[in-house]
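Visitor: One structure follows; several queries about it will come next.
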Amino acid sequence: DCMFACSHYPSFPHFLGLVREEIEYQVKRLRDHASIALWCGDNEVARAINWYPEERRKFLTINYDRLNRAIGETVEKCDPTRTFWPSSPCNGPMDYDESTLKGDMHYWLVWHSGKPFSAYYDVIPRFCSEFGYQSFPSLNSIDIYCAGRQRNVTSPLMEHHQRNNGGNSRIMEMFTRYFRFPTGFENFIYLSQVQQALAIKTGVEFWRHLKPVCMGTLYWQLNDNWPVASWASIDYYGNWKQLHYAAKRFYSPVVVTCFQNKENKLEIWATSDVQRELKGTLKLSVLDFDGKAEKVLDFPVELKPLESVKVQEIGVPELAPAVDKVFAFLELEVSGDGETYRHYNDHFFTEYKHCDLREAGIDHSIEQRDGVWHLKLSSKFPAFFVFAELRGVPAVFSDNSFTLLPGQPRELTFRTDSPVTREELERILSIRDLRGSYTE
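Residue 337 is where the sequence shown starts when you use my numbering, and the numbers rise one by one after that.
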């Protein structure tokens, strides 16, 4: 992206001369990176014309055309091998209306208009290049700027660290749709990140299964420029929110996803971004909240290169006569040309708040091997959105914010930047899960 966004810029000759110099310098600096797919002229500058009164739009359109031509001509001169995309969103040169038939689109009705997460199912983009949902920063980050009586999401300090009008209220209102309300400040922060991860996961998984109609997604946003409640998946101090861990899984090369459609059937899909044929098995387990298997089904899976296929479609009443008593756990394993890909997912047949989850009884052990810390987790009952965190010590885990089933322990690895003993880790380790975020 060229650094023009959500605003309007001058178009007099001196300014455009500076723009051409800047674009030429940056394109020549970056053009040898193989990872660059295209050059985009701006973000929402063309769209921003419609944010102004009708009488100003002709002037703004002329200004914009001059700026965009200066950017495009310079890019094409310095790197003719790549596509120049005038603006995001747009449909291509001189076509700035959003369309589900071509180009890229931005979709913000879930966050800004409070639509349910299922609203993503009503949108079929060719490429969704901007959508997002907010959460609060990690507790390690909040500890740096907020203490004592200010540790309340409606305190003056916490509201100062929320710069989107109505943002905190939006987060809280969405809690009431999907979850039982959290107990205490720390669980509130935790659940906001669960909710953010669930929102973006819903959109990405649905759009990925639509390939080749939808061929890409970019969620807003990666990181922050100050410690704030935001759409980022990595906060200002570099701590991974739950969304970033979830993104590792929902952007895996091969994924299994499922959707409850309007006919009350569960569609199960396998989607591959791998350039080889794959064969394997999908295991579908329907479990109660004690972890007992009510139903176990196996399905063969065959995937052509870069293919998305419907593996099975099953009526929800057949799987879950009582939708609040069970959940589905899906395990996909496929192989091809000596490579094996595994992915798991789960599905609740109704909102989490309607389900009486058991207190999971999570146990853990920590040991160090060859300079790497290993955290082993097990549970007596199914635990959801299990999230490990070291208070005061930055660490990125090999996995996090996952489903933990009884009899299936998980081992995570992590490193710390500073020396720390096992006893110190035991003292600062926090392990949360969905059931532990609220009291009866």
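Even glycine gets a Cβ: it sits at the ideal position worked out from N, Cα and C.
Please go through the same chain and pick out, in chain order, the residues whose beta-carbon is closer than 8 angstroms to the beta-carbon of L711, but skip the five residues on each side of it.
Guide: Here residue 711 refers to the residue found at position 375 when the sequence shown is read from its first residue. Once the five neighbours on either side are set aside, the close Cβ partners of L711 are H700, S701, I702, A724, F733, E747, L748, T749, F750, L765.
Visitor: Express the C-alpha separation of K547 and W521 in angstroms, rounding to a whole number.
Guide: Counting from one through the sequence shown, the residue named residue 521 turns up at place 185. Counting from one through the sequence shown, the residue named residue 547 turns up at place 211. A small correction: the amino acid at residue 521 is Phe; Trp does not occupy that position in the sequence shown. Going by the C-alpha atoms only, they are around 41 angstroms apart.
Visitor: Return the chain-ordered list of same chain residues with a C-beta closer than 8 angstroms to the C-beta of N399, the five sequence neighbours on each side being excluded.
Guide: For the purposes of this step, residue 399 is identified with residue 63 of the sequence shown, where counting begins at 1. Taken in chain order, the residues that qualify are H344, Y345, P346, S347.
Visitor: Would the region 508-515 and the region 686-696 be scored as touching if the rule is three or more Cβ pairs under 8 angstroms?
Guide: Contact between the region 508-515 and the region 686-696 is present, because at least three Cβ pairs lie under 8 angstroms.
Visitor: Taking the continuous beta strand (DSSP E) assigned at H374, which residues delimit it?
Guide: Residue numbering aside, residue 374 sits at position 38 when the sequence shown is read from its first letter. According to the sequence provided, residue 374 is Leu. The question's His does not apply to it. Residues 374-376.
Visitor: To the nearest angstrom, report how far apart A606 and H683 are at their CA atoms.
Guide: Residue mapping note: residue 606 aligns to position 270 of the sequence shown, counting from 1. Residue mapping note: residue 683 aligns to position 347 of the sequence shown, counting from 1. Rounded to the nearest angstrom, the two C-alpha atoms are 15 angstroms apart.
Visitor: Hey, is the region 425-441 in contact with the region 454-466, meaning 3+ C-beta pairs nearer than 8 angstroms?
Guide: Output reads yes: the region 454-466 touches the region 425-441.
Visitor: Assess contact between the region 412-429 and the region 369-384, defined as three or more Cβ pairs (one per stretch) separated by less than 8 angstroms. Is contact present?
Guide: The region 412-429 vs the region 369-384: in contact.
Visitor: With respect to the beta strand (DSSP E) encompassing L770, which residues constitute its N-terminal and C-terminal limits?
Guide: Within the sequence shown, residue 770 is the residue found at index 434, counting from 1. First-last for L770: undefined, no H or E at that position.
Visitor: Report the option in V652, A483, K598 whose CA atom is closest to the CA atom of V622.
Guide: Within the sequence shown, numbered from 1, the residue matching residue 622 stands at position 286. Comparing Cα positions, the closest option is V652.
Visitor: Given a threshold of 16 other Cβ atoms within 10 Å of its Cβ, counted over all protein chains shown, does V592 qualify as buried or as exposed?
Guide: Within the sequence shown, the letter at position 256 stands for residue 592. Classification of V592: buried, given that the 10 Å Cβ count is 16 or more.
Visitor: Does the Cβ-Cβ distance between Q557 and S471 come in under 8 angstroms?
Guide: Numbered from its first residue, the sequence shown carries residue 557 at position 221. Numbered from its first residue, the sequence shown carries residue 471 at position 135. No, Cβ-Cβ distance for Q557 and S471 is not below 8 angstroms.
Visitor: Considering T419, what are the terminal residues of the beta strand (DSSP E) in which it resides?
Guide: Looking up residue 419 in the sequence shown gives position 83. Start and end: 419-421.
Visitor: Would you say the region 611-627 touches the region 735-743, given that touching needs at least three Cβ pairs under 8 angstroms?
Guide: Because the criterion of three Cβ pairs below 8 angstroms is met, the region 611-627 and the region 735-743 touch.
Visitor: At which residues does the beta strand (DSSP E) containing I570 begin and terminate?
Guide: Counted from its first residue, the sequence shown places residue 570 at position 234. It is not in any beta strand (DSSP E) - I570 carries neither H nor E in the DSSP assignment.
Visitor: First and last residue of the alpha helix (DSSP H) that includes Q704?
Guide: Indexing the sequence shown from 1 puts residue 704 at position 368. Looking at the DSSP string, Q704 is not in any alpha helix (DSSP H); the run it does join, the beta strand (DSSP E), is 698-705.
Visitor: Could you pull out every unbroken alpha helix (DSSP H) segment of at least 4 residues lying fully inside the region 363-406, listed in chain order?
Guide: You should have 381-384.
Visitor: Mind checking which residues open and close the alpha helix (DSSP H) that includes K584?
Guide: Position 248 of the sequence shown, counted from the first residue, corresponds to residue 584. Residues 578-586.
Visitor: Would you decide whether A437 is buried or exposed? Buried here means 16 or more other CB atoms lie within 10 Å of its CB.
Guide: Working through the sequence shown from its first residue, we reach residue 437 at position 101. Looking at the sequence itself, residue 437 is Leu, so the reference to Ala does not match. Exposed.
Visitor: So what does DSSP say about C482, is it helix, strand or coil?
Guide: Stepping through the sequence shown from its first residue, residue 482 is reached at position 146. Coil at C482, not helix or strand.
Visitor: For the putative contact between E541 and K619, defined by C-beta atoms under 8 angstroms, what is the C-beta separation to the nearest angstrom?
Guide: Taking the first residue of the sequence shown as 1, we reach residue 541 at position 205. Taking the first residue of the sequence shown as 1, we reach residue 619 at position 283. Rounded, the Cβ-Cβ distance is 18 angstroms, inconsistent with contact.
Visitor: Write down the C-beta distance between L693 and R771 rounded to the nearest angstrom, noting that I regard them as a contact closer than 8 angstroms.
Guide: Residue mapping note: residue 693 aligns to position 357 of the sequence shown, counting from 1. Residue mapping note: residue 771 aligns to position 435 of the sequence shown, counting from 1. Right, their Cβ atoms sit about 4 angstroms apart.
Visitor: By how many angstroms is the C-alpha of F665 removed from the C-alpha of L475?
Guide: Your numbering for residue 475 matches position 139 in the sequence shown. Your numbering for residue 665 matches position 329 in the sequence shown. Taking the straight line joining both Cα atoms gives about 30 angstroms.
Visitor: For a quick check, are the C-beta atoms of C414 and R356 less than 8 angstroms apart?
Guide: Here residue 414 is taken as the residue at index 78 of the sequence shown, counted from 1. Here residue 356 is taken as the residue at index 20 of the sequence shown, counted from 1. No, they are not a contact pair.
Visitor: Is the beta carbon of M494 less than 8 angstroms from the beta carbon of N500?
Guide: Looking up residue 494 in the sequence shown gives position 158. Looking up residue 500 in the sequence shown gives position 164. The answer is no: Cβ separation not under 8 angstroms.
Visitor: Which residues bound the beta strand (DSSP E) around F524?
Guide: Here residue 524 refers to the residue found at position 188 when the sequence shown is read from its first residue. Run containing F524: none in the beta strand (DSSP E); it sits in the alpha helix (DSSP H), 520-545.
Visitor: Let me know the secondary structure DSSP gives P346 once reduced to three states.
Guide: On the sequence shown, residue 346 is found 10 positions in, with the first residue counted as 1. If DSSP states are grouped into helix, strand and coil, P346 belongs with coil.
Visitor: Ends of the beta strand (DSSP E) at T607?
Guide: Counting from one through the sequence shown, the residue named residue 607 turns up at place 271. Where T607 is concerned, the enclosing beta strand (DSSP E) stretches over 601-608.
Visitor: Give the range of the alpha helix (DSSP H) segment to which T512 is assigned.
Guide: Position 176 of the sequence shown, counted from the first residue, corresponds to residue 512. Element bounds for T512: 503-514.
Visitor: Taking C-alpha atoms, which residue in F721, R383, C338, I372 lies nearest to Y361?
Guide: Along the sequence shown, one-based indexing puts residue 361 at 25. Closest by alpha carbon: C338.
Visitor: When the Cα of N736 is compared with those of R758, E649, H580, H369, which residue comes out closest?
Guide: Within the sequence shown, numbered from 1, the residue matching residue 736 stands at position 400. Closest by alpha carbon: H580.
Visitor: Quick check on DSSP: helix, strand or coil for D433?
Guide: On the sequence shown, position 97 is the one that residue 433 refers to. In this structure, D433 counts as coil in the three-state DSSP scheme.
Visitor: CB-CB under 8 angstroms to V637, same chain, minus the five flanking residues each way: which ones, in chain order?
Guide: Numbered from 1 along the sequence shown, position 301 holds the residue referred to as residue 637. Only A606, L614, K615, G616, T617, L618, V645, V647, L668, V670 meet the Cβ criterion.
Visitor: Here's the rule I'm using: 16 or more other beta-carbon atoms within 10 Å means buried, otherwise exposed. How should D560 be labelled?
Guide: As a first step, residue 560 must be located in the sequence shown, where it is residue number 224. Counting Cβ neighbours within 10 Å, D560 comes out buried, since at least 16 surround it.
Visitor: Measuring straight from C-alpha to C-alpha, what distance separates A384 and F340?
Guide: Taking the first residue of the sequence shown as 1, we reach residue 384 at position 48. Taking the first residue of the sequence shown as 1, we reach residue 340 at position 4. Whole-angstrom Cα-Cα distance: 11 angstroms.
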